[in-house]
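Residue 19 is where the sequence shown starts when you use the numbering used here, and the numbers rise one by one after that.
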Amino acid sequence: AIYLSKLSNPFIKDFLKPVVELLASIPSVVYGFFGLVFLAPLLQKIFHLSVGLNGFNASIILAFMALPTIASLAEDAISSVPVDIELASFGLGASKFETIFYAVLPAALPGIFTAVSLGFGRAIGETMAVLMVAGGAIGIPSSIFSPMRPLTVTIAAEMAESPVGSQHYMALFSLAILLLLFVIIFNLLAEYFRNKFSFKRG
């Protein structure tokens, strides 16, 4: 985001920004297919694993899914910082990098927090890609390289098999409520820090 907004030339920015936005709009099943077909064998070979479908694979795919959203929105936030702030920093003798890190980024922090919260929200609510690459093993994983089944995958995989009103059905609803509460708490914390670091003009 910093590179696109402040360091790249207009030609590179005009090329990379649509690419980043395109990556953010790719369906999750495509990311899952990439992790299933290409990333799983690669991880299996590099780390000498018995299976490449595990939590580490899912983490990488979720990072690839969330980062384009975060980068695009963070770039918009950085670009929206008034140029007067940069000029004032240059006028005080600051270098370009000092201006970016000590003047521009603090002013853009609210927008950056919003970008991170939206990207994290997409990652934590993701189902299809994780269903394809996490391994689907029921139980507590022994490590990040073990197959696992996150909350969203458990709900999606077992909801159709559970009779309405059964204990299994209620347990899945409890997982959904737990996931909802976690997202709400995270969003409240993100809003708190966004307001805390809001740049006060004037």
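We put the beta carbon where it would ideally sit given N, CA and C, even for glycine.
Counted within 10 angstroms of its Cβ, other Cβ atoms place residue i as buried (16 or more) or exposed
i	result
Leu190	buried
Gly153	buried
Pro36	exposed
Ile79	buried
Phe65	exposed
Gly220	Confidence at Gly220 is low in this model, with a pLDDT of 43, below 50, so its placement is unreliable and the value that follows should be read with caution. Exposed, by the Cβ-count rule.
Ile130	buried
Ala178	exposed
Met150	buried
Met188	exposed
Pro100	exposed
Ser98	exposed
Gly157	exposed
Pro45	exposed
Ala81	exposed
Cα-Cα separation, residue i to residue j
i	j	result
Phe204	Leu34	30 Å
Glu209	Ser43	25 Å
Ser107	Ala84	32 Å
Val201	Gly109	43 Å
Gly183	Leu197	20 Å
Ala141	Thr170	11 Å
Ser192	Asn213	31 Å
Gly70	Gln62	5 Å
Pro165	Leu67	11 Å
Leu40	Met146	19 Å
Ala155	Ile195	22 Å
Val48	Val148	11 Å
Phe211	Gly111	30 Å
Ala126	Ala175	40 Å
Ser180	Leu91	40 Å
Lys24	Asp32	13 Å
Leu206	Ser216	15 Å
Arg167	Ala133	27 Å
Range covered by the alpha helix (DSSP H) that runs through residue i
i	result
Ser216	Where Ser216 is concerned, there is no enclosing alpha helix (DSSP H), given that its DSSP letter is neither H nor E.
Val37	Pro28 to Ser43
Tyr21	No alpha helix (DSSP H) holds Tyr21; DSSP gives it neither H nor E.
Ser164	It is not in any alpha helix (DSSP H) - Ser164 carries neither H nor E in the DSSP assignment.
Thr145	Neither: Thr145 is in no alpha helix (DSSP H) and is coded neither H nor E.
Gly73	Gly73 to Ser97
Ile64	Ala58 to Ile64
Val48	Ser46 to Phe52
Next item on the list: Return the chain-ordered ranges of every beta strand (DSSP E) run that is complete within the segment 100–143 and spans a minimum of 3 residues.
Entry: none
Checklist line | the segment 115–126 in contact with the segment 158–173 per 3-pair CB rule at 8 Å | finding: no
Notebook entry, point to check: Is it a yes or a no for the segment 71–81 touching the segment 20–30, going by three-plus beta-carbon pairs under 8 Å?
Noted result: no
Item checked: Stretch pair the segment 127–145 + the segment 79–99: three plus CB contacts closer than 8 Å -> Short answer: they touch.
Check: At a cut of 8 Å, does the segment 55–65 reach the segment 91–109 through at least three beta carbon pairs?
Finding: no
Checklist line | Unbroken stretches of the alpha helix (DSSP H), 4 residues or longer, contained in the segment 177–214 | finding: 185–214
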